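In order, the protein sequence lines correspond to chains W and A.
Residues 1 to 355 in my numbering are what the first sequence spells out, letter by letter.
Residues 356 to 722 in my numbering are what the second sequence spells out, letter by letter.
Backbone N, C-alpha and C define an ideal beta-carbon position, used for all residues, glycine too.
Remember, it's a predicted structure, so these values are computed and weren't measured experimentally.
For reference, the structure discussed in these notes is given below.
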Amino acid sequence: MSSYRQLDLRSGFACPIPKSDYTNILLAHGSGGKLTHQLIEKMFVPQFQNELLEPLHDGAVFTAGNKRFAFSTDSFVVSPIFFPGGDIGELAINGTVNDIAMCGAKPLYLSSAFIIEEGLPIDDLWRVVLSMQEAAKRAGVLLVTGDTKVVDRGKGDKIFINTSGIGIIEDGVDISPKRIKVGDKIIVNGEIAVHGIAIMSVREGLEFETQIKSDTAPLNGLVEEMLKASKNIHVMRDPTRGGVATTLNELAEQSNLGILVNEESIPVSDDVKGACEILGLDPLYIANEGKLLAFVSPEDADKVLDTMRRHPLGKGSVIIGEVVDRYPGTVVMKSKIGGTRVVDMLTGEQLPRIC
Amino acid sequence: MKYIDEYRDAETAKKYAEMIHKITTREWTMMEICGGQTHAIVKFGIDFLLPKEITLVHGPGCPVCVTPLEIIDKAIVIASRPDVIFTSFGDMLRVPGSKKDLLTVKSEGGDVRIVYSPLDALKVAQQNPNKKVVFFAVGFETTAPANAMAVWQARELGVKNFSALASHVLVPPAMVAILSSPSHLVQAFLAAGHVCTVMGYEDYFPIAGKYKAPIIVTGFEPVDILQGIYMAVKQLEEGRVDVENQYARAVRREGNIPAKKLLADVFEVIDRKWRGIGIIPQSGWGLKPEFADHDAEKIFDVGGIETQESPLCIAGEILQGLKKPHECTAFGTLCKPEHPLGAPMVSSEGACAAYFAYGRYREADGR
Chain W
1 MSSYRQLDLR
11 SGFACPIPKS
21 DYTNILLAHG
31 SGGKLTHQLI
41 EKMFVPQFQN
51 ELLEPLHDGA
61 VFTAGNKRFA
71 FSTDSFVVSP
81 IFFPGGDIGE
91 LAINGTVNDI
101 AMCGAKPLYL
111 SSAFIIEEGL
121 PIDDLWRVVL
131 SMQEAAKRAG
141 VLLVTGDTKV
151 VDRGKGDKIF
161 INTSGIGIIE
171 DGVDISPKRI
181 KVGDKIIVNG
191 EIAVHGIAIM
201 SVREGLEFET
211 QIKSDTAPLN
221 GLVEEMLKAS
231 KNIHVMRDPT
241 RGGVATTLNE
251 LAEQSNLGIL
261 VNEESIPVSD
271 DVKGACEILG
281 LDPLYIANEG
291 KLLAFVSPED
301 ADKVLDTMRR
311 HPLGKGSVII
321 GEVVDRYPGT
331 VVMKSKIGGT
341 RVVDMLTGEQ
351 LPRIC
Chain A
356 MKYIDEYRDA
366 ETAKKYAEMI
376 HKITTREWTM
386 MEICGGQTHA
396 IVKFGIDFLL
406 PKEITLVHGP
416 GCPVCVTPLE
426 IIDKAIVIAS
436 RPDVIFTSFG
446 DMLRVPGSKK
456 DLLTVKSEGG
466 DVRIVYSPLD
476 ALKVAQQNPN
486 KKVVFFAVGF
496 ETTAPANAMA
506 VWQARELGVK
516 NFSALASHVL
526 VPPAMVAILS
536 SPSHLVQAFL
546 AAGHVCTVMG
556 YEDYFPIAGK
566 YKAPIIVTGF
576 EPVDILQGIY
586 MAVKQLEEGR
596 VDVENQYARA
606 VRREGNIPAK
616 KLLADVFEVI
626 DRKWRGIGII
636 PQSGWGLKPE
646 FADHDAEKIF
656 DVGGIETQES
666 PLCIAGEILQ
676 GLKKPHECTA
686 FGTLCKPEHP
696 LGAPMVSSEG
706 ACAAYFAYGR
716 YREADGR
């Protein structure tokens, strides 16, 4: 990026993010968009460089003995902690389960660390714990270790949860952005942007009436069926923060291939569409918690699609686009009326517009 | 979705595009006033469907873009005060002031909150009687009635800790300013549908007559815009000059009379500076003196602010339709959404941001 100063290699202590731009962390640094990527690419990755980190997948894949494992971590800070269709506890289990599943692994064991704000009603914590228990059972994982910290009132926001997890990868499964090929079909397992809108509908100051419930769900069962059906699933990702557009951009960049999506085929419910129209938001950038994108070789696409549609979490599966050799590193969308446009990564958070 | 999908229908859009091709015999330049229209044109690729003789230039109708730098700087000063809760529509938060934006104020500890309606800001004031709650009341005629209502209710309900930092701008004087400029290129206007929902379109007849420019009140969906373009081209080709209403499902000739009455009660017409353009006489609304108790500019000491624009930014020429965003040397290089030099790169309705977001700086389109 030409607008950023060159990293001064002579001094390991020089901050690689130009101070003139941001002297403080903004919320946008955590939005999953460009600023998040700047932090990851300029601040984090260079300092910890190793071959397991480098693929920047949802989790790291490593070998122990003759078995391959996936290891992933995620923190959950959602507000409010209880929302339509779920709560922070369920999200914390499903989030890490899904990150592991996206590596093609079967999630086995999870850890959980709680940072709790002084004053949180014990009943609220109990609800969260019961919900985690239920979610772990549903996903078939064991919560095997944990930690608890309490911070002063005002130093946290009710409760933050970190979960990490480990899963095992079956022989013959190889999920990696490196395998993406021209012609791959891109499948999504249902209507997008549901979680983000569900959360937004109950955020302070933004309340609006809706029946939209979060789509949070463990995807490992669906992934297991998909992997059984085909060896030609090249990559899978769950488009959480930053939504489908951000995930597709990451994959276009990592594979250096183009991605062409068809606006007409992207499933968005009428409720979500309506909320997005009113708020001036684009569903492509809104978070999902029970959705995955799979890149599948064209000859296996129908088979994988059929398998997905037979699973309760994959009933709404459709092909939304394909990988092309034109415009490398870019996501392009064919609009409903036949025009085309680039779908870029967002800079910060989507901000509701004035009118 | 009802009332949206019909106006994004590919067949209908194609039909209008063909009709435009059929009647176009020579070159025409028209300006869409509203940033929402610019956004739709670039998002849906509407300009790709038009004959090459037709040039769309993008108008000044992005409320975020034309809000003067002084007001942004005043907002930043007010929002930084520990006794203030500063409320705003979301897209104002990233607009660069002389030194920083409101999101930075928030990261430095200022209590800056996004609201969807000025009436929500009034609620925040009622819930926080020990704080001064300020709403950033910017925008065109479209957002003004709700802002006026919040101020009016604050007075009626006696919510003394609520004030508005008001900087409203008006469309017709801006159209006159553009048409009066000797270098202007505009032969017809697509007027901003939602502005007319409030104000009606009677004011446009004298403008169309005096400057011989057809004006079509136009909506925001692809089919609306294509139909608006068709109606404009038809007038131009036939040598007619008239004001026509494409957006009849939302706009009446006289506008929204109760809203206009409220606006007249709360606001008075004043000279207003437009960012990137300069002062346009009688082109804005300010709060009337009887609402001084709810006027943030009167309550807080924000005089003597010195402002500084980036010398590279050509926002003025962009907002007057003299240049397109990609003709700016800083576009996509020094000026990007994550590092904007001027407001049109910030708002989702800004022409530069629309060009950037939808990749008009790349050669990657699949035309």
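Residue-chain proximity (residue i, chain A), Cβ-Cβ < 7 Å
i      : result
W:N24  : yes
W:V128 : no
W:D215 : no
W:R341 : yes
W:D344 : yes
W:K336 : yes
W:T247 : no
W:T36  : no
W:T347 : yes
C-beta contact flag for residue i and residue j at 7 Å
i      : j      : result
A:V489 : A:F444 : no
W:L125 : W:T163 : no
W:F295 : W:H234 : yes
A:M447 : A:E496 : no
A:A587 : A:A543 : yes
A:T459 : A:R630 : no
W:L219 : W:H311 : no
A:V598 : A:F560 : yes
A:L618 : A:A503 : yes
W:D123 : W:D58  : no
W:F48  : W:I166 : no
W:N262 : W:G321 : yes
As assigned by DSSP and simplified to three states, the class of residue i
i      : result
A:I632 : coil
W:N249 : helix
W:I186 : strand
A:R608 : coil
W:R237 : strand
A:Y371 : helix
A:C417 : coil
W:S214 : coil
A:T498 : coil
W:Y327 : coil
A:F560 : helix
W:S20  : Note that W:S20 has pLDDT 42, beneath the 50 cutoff, so the model's placement of it is unreliable and the number below is only indicative. The answer is coil: DSSP assigns W:S20 none of H, G, I, E or B.
W:N162 : strand
A:F462 : Checking the displayed sequence, the identity of residue 462 of chain A turns out to be Ser instead of Phe. Residue state, collapsed to three classes: helix.
W:G321 : strand
A:V524 : strand
A:P577 : helix
Which residues DSSP lists as bridging residue i, in chain order
i      : result
W:M333 : W:V261, W:R341
A:L411 : A:M385
A:D650 : A:A519
W:D87  : W:F82
W:L293 : W:V188, W:R237
W:V304 : Per DSSP, none; premise fails for W:V304.
7 Å Cβ cutoff, residue i in contact with chain W
i      : result
A:L525 : no
A:Y371 : no
A:G714 : yes
A:G400 : yes
A:R630 : no
A:S522 : no
A:P569 : no
A:E693 : yes
A:D458 : First, the amino acid is wrong: residue 458 of chain A is Leu here, not Asp. It does: the Cβ of A:L458 has a partner Cβ on chain W nearer than 7 Å.
A:P484 : no
A:S638 : no
A:R363 : yes
A:P406 : no
A:A519 : no
A:F686 : no
A:F403 : yes
A:A368 : yes
A:P577 : yes
Within chain B, the residues that residue i reaches when beta carbons sit closer than 8 Å
i      : result
W:E250 : Among the chains of the structure shown, chain B does not appear; the protein chains present are W and A.
**OP:** Return the residues of the stretch 275-286 of chain W that lie within a Cβ-Cβ distance of less than 8 Å from chain A, sorted by chain order.
**Re:** E277, L279, G280
**OP:** Please name the residues in the stretch 447-472 of chain A whose beta-carbon is closer than 9 Å to at least one beta-carbon of chain W, in chain order.
**Re:** M447, L448, R449, L458, T459, K461, S462, E463, R468, I469, V470, Y471
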